[in-house]
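The listed protein sequences derive, respectively, from chains A and B.
Going by our numbering, the first residue of the first sequence is number 153, and it counts up by one from there.
Going by our numbering, the first residue of the second sequence is number 153, and it counts up by one from there.
Here a beta-carbon is modelled for each residue, glycine too, at the ideal position from N, C-alpha and C.
Being a predicted model, the structure only gives us computed values, none of them experimental.
2 protein chains.
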Amino acid sequence: MINKLIENIKKTGAPIVVGLDPTLKLIPDHVLEKNYKEYGANLEGVSNAIFEYNKTIVDSVYDLIPAVKPQIAMYETFGIPGLVAFDKTVKYCKSKGLVVIGDIKRGDIGSTSTAYALGHLGKVTIEGKDFRGFEEDFATVNPYLGSDGVKPFIDVCKEEKKGIFVLVKTSNPSSGEFQDQKVDGKPLYELVGEKVNEWAQECREGDYSQVGAVVGATYPEMGKILRDIMPNSYILVPGYGAQGGKGKDLVHFFNKDGLGAIVNSSRGIIGAYAQEKYAQYGAANYGDAARAAVIDMRDDIASALK
Amino acid sequence: MINKLIENIKKTGAPIVVGLDPTLKLIPDHVLEKNYKEYGANLEGVSNAIFEYNKTIVDSVYDLIPAVKPQIAMYETFGIPGLVAFDKTVKYCKSKGLVVIGDIKRGDIGSTSTAYALGHLGKVTIEGKDFRGFEEDFATVNPYLGSDGVKPFIDVCKEEKKGIFVLVKTSNPSSGEFQDQKVDGKPLYELVGEKVNEWAQECREGDYSQVGAVVGATYPEMGKILRDIMPNSYILVPGYGAQGGKGKDLVHFFNKDGLGAIVNSSRGIIGAYAQEKYAQYGAANYGDAARAAVIDMRDDIASALK
């Protein structure tokens, strides 16, 4: 799957992933109202509004981008109907040729991690027939439980030719509380990065591996070090845009081949219509505003990488 | 909610939580076959089989135990239909007076953690009306992202009078890979424990807090130290039974008041019928086997605590 991602990145010239993280605040009123009228002002109505919102955005930008990253929490918050919207979104994005990174940050022990991996990246067999729960191409994984918690995901990735991004250094302000703690003089995130590199060697597809890492754009200096520690891992970089990361901060997340990183923006794209910069589109044309924001992001990153 | 849990523990005399972690291997054939016949040999059939299996076990043991802990991965692996079984299980257990600990191990940043917290412990408001996604009483939380990732759960706990158990030292063999790393001479799990104690002080209900911790039964010496570091936190102890922990290992997880810990067993209870010790019940009476296993576990722990 990493090669499909790289192929998509080369085709679009945009190492960009659009975070499909809908919230009631971000979805324009006219979309909510229409769906409340049709399905009720309840979880069903929200579920349908989310899917319509996502679909419009995807229809507006899919030819410009290699991948999307739905954050499952934003769907799970609406219970089963919310997760139905997640599932429909994943399937729709795949039908448009996009690579889908499920931002699920799961992680547990042994057979429990296997259950998550099968549910999101693999399949279950019932009376000899295969069924898929959710159907992402990649998933994000939390490493706090150690190899026991990550290896089951890697096993499923090998079987299914899918991939994971392991949280190494997250983009949030308090990520250092545990991740930066020094272990024998080295921050914990480096130790996690070294493990990611070990895991990555188990499932290479050419230069890159099915095992990537998450490193926040908000910590460019650490990104530089982690880039060297995990040379064969793609780095998924959140924190661009709304969280404060800029194009110039991203240079060191990339390898010399111009590959090796993919940068996420969520609110900055899907909520572009509500920003002053794209206000001329108006809420009615939120898809066009998202397209303009994607083009600007692509150009910002391209000029930084020159 | 911690006081409801303590009340239930006192009433039953059993600091026990039954892990409702169904797998296709654990569910007796006659239950699967019946549901496949009625709903199809597919995800719907499995979903209904899981709920029937859980319901029979709950009906057989609910008067003996204070709480249950469904592991959401075992449901999520079957996609939306699996999560429908999770939701029905949570609601059914609550209708029987049980405290429900959602073993979800979620954790993300800021507004994303808020979304998880609202979806599992809180509510969302749509056009002035409240809706609940899932409805657990407690949730387990992964601390790797730091305070940013945990605080949103605590805020929702305060609002809803619900609780969380933060992963401190997990029961699996490789938990030490990161959790045991020494930071200024102290293992990381102690640092996390200290943070848990800080968070716990924010939402006490008398002697105990809505913020508890997860510490594996498989590491009793560490449990002893962590007990002292987090005096007001309930410790949720996995790893008893199938993972190797025994009653005598559990003594130090409890406070001098005889409270402060609740011990989980999953396969050891729900799969008791398949063990030699309870084979006389047969697969047809898996509920009775579970009841016998709960009584043995309760007595094992009670005699260790004497």
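Within its own chain, the residues whose Cβ lies closer than 7 Å to the Cβ of PRO304 (chain B), once the five positions on either side in sequence are excluded, are GLY262, SER265, THR266 and ALA269, listed in chain order. Within chain B, ASN324 have C-beta atoms less than 8 Å from the C-beta of GLY262 (chain A), given in sequence order. The beta carbon of ALA441 (chain B) sits closer than 6 Å to the beta carbons of ALA424, TYR425, TYR430 and TYR433 from its chain, once the five residues preceding and following it are set aside; these are given in chain order. Scanning A:GLN331, A:GLU354, A:VAL348 and A:PHE317 for the CA closest to the CA of LYS310 (chain A) turns up A:GLU354.
Within the model, the alpha-carbon separation for GLY231 (chain A) versus GLU288 (chain B) is close to 12 Å. The beta carbon of VAL213 (chain B) sits closer than 7 Å to the beta carbons of VAL170, ALA442, ARG443 and VAL446 from its chain, once the five residues preceding and following it are set aside; these are given in chain order. Identification of chain A residues near VAL276 (chain B) by a Cβ-Cβ cut-off of 7 Å yields THR229 and PHE230, ordered along the chain.
If you look at VAL252 (chain A), you'll find it isn't in any alpha helix (DSSP H); it sits in the beta strand (DSSP E) that goes 251–258. Listed in chain order, the beta strand (DSSP E) runs fully inside the segment 342–368 of chain A are 363–367, counting runs of at least 3 residues. Within the DSSP bridge table, the entry for ASP282 (chain B) names B:THR277 as partners.
Residue A:TYR386 holds the alpha-carbon nearest to the alpha-carbon of GLY358 (chain A) among A:VAL335, A:TYR386 and A:GLY375. The residue among B:PRO174, B:GLY368 and B:LYS162 with its C-alpha nearest the C-alpha of THR322 (chain B) is B:GLY368. Non-local beta-carbon contacts of GLY396 (chain B) in its own chain, meaning distances under 7 Å to residues more than five positions away in sequence, involve THR370 in chain order. CA-CA distance, ASP255 (chain B) to GLU279 (chain A), rounds to 28 Å. Taking 7 Å as the cut-off, the beta carbon of LEU157 (chain B) is found no closer than this to the beta carbon of VAL242 (chain B). For ALA456 (chain A), there is no enclosing beta strand (DSSP E); the residue is part of the alpha helix (DSSP H) that begins and ends at 438–457.
Taking 8 Å as the cut-off between beta carbons, the residues of the segment 210–225 of chain B near chain A are GLN223 and ALA225, in sequence order.
Between GLY271 (chain B) and THR175 (chain A), the C-beta gap is not smaller than 7 Å, which leaves the two residues out of contact.
Put simply, the backbone Cα of GLY301 (chain B) is about 6 Å away from that of GLY259 (chain B).
Chain-order list of chain B residues neighbouring ASP239 (chain A): GLY231 and ILE232, by C-beta distance under 9 Å. With a 10 Å radius around the Cβ and a threshold of 16 neighbouring Cβ atoms, ASP451 (chain A) comes out exposed. Each of A:GLN362, A:ASN407, A:ASP448 and A:ILE179 was checked against the Cα of LEU378 (chain A), and the nearest Cα belongs to A:ASN407. GLY412 (chain B) is not a Cβ neighbour of GLN362 (chain B), given a cutoff of 7 Å. Counting of Cβ neighbours within 10 angstroms places SER455 (chain A) among the exposed residues, the total staying below 16. Taking all protein chains in view, the Cβ of ASP401 (chain B) is crowded by 16 or more other Cβ atoms within 10 Å, so the residue is classified as buried.
Excluding the 5 residues flanking it on each side, VAL335 (chain A) has same chain C-beta neighbours closer than 8 Å at LEU343, in chain order.
Interface with chain B (7 Å Cβ-Cβ cutoff): PHE330 (chain A) is included. In the three-state reduction of the DSSP assignment, PHE230 (chain B) falls in the coil class.
Within chain A, the C-beta atoms nearer than 7 Å to that of TYR188 (chain B) come from GLU279, in chain order. Secondary structure note for ILE387 (chain A): its beta strand (DSSP E) is the uninterrupted segment 387–389.
Runs of the beta strand (DSSP E) spanning 3 or more residues and lying entirely within the segment 278–332 of chain A occur at 281–283, 290–293 and 315–321, in chain order. Separation of the CB atoms of TYR205 (chain B) and ILE179 (chain B) is rounded to 5 Å, and the pair is thereby assigned contact status at 8 Å.
Checking the DSSP bridge columns, you'll see PRO222 (chain B) partnered with B:LEU172.
In the three-state reduction of the DSSP assignment, SER418 (chain A) falls in the coil class. Against chain A, the beta carbon of SER299 (chain B) has neighbours under 7 Å at SER326 and GLU329, listed in chain order. Selection A:TRP351, A:TYR360, A:GLU346 and A:TYR341 evaluated against GLU373 (chain A) yields A:TYR341 as nearest (Cα-Cα).
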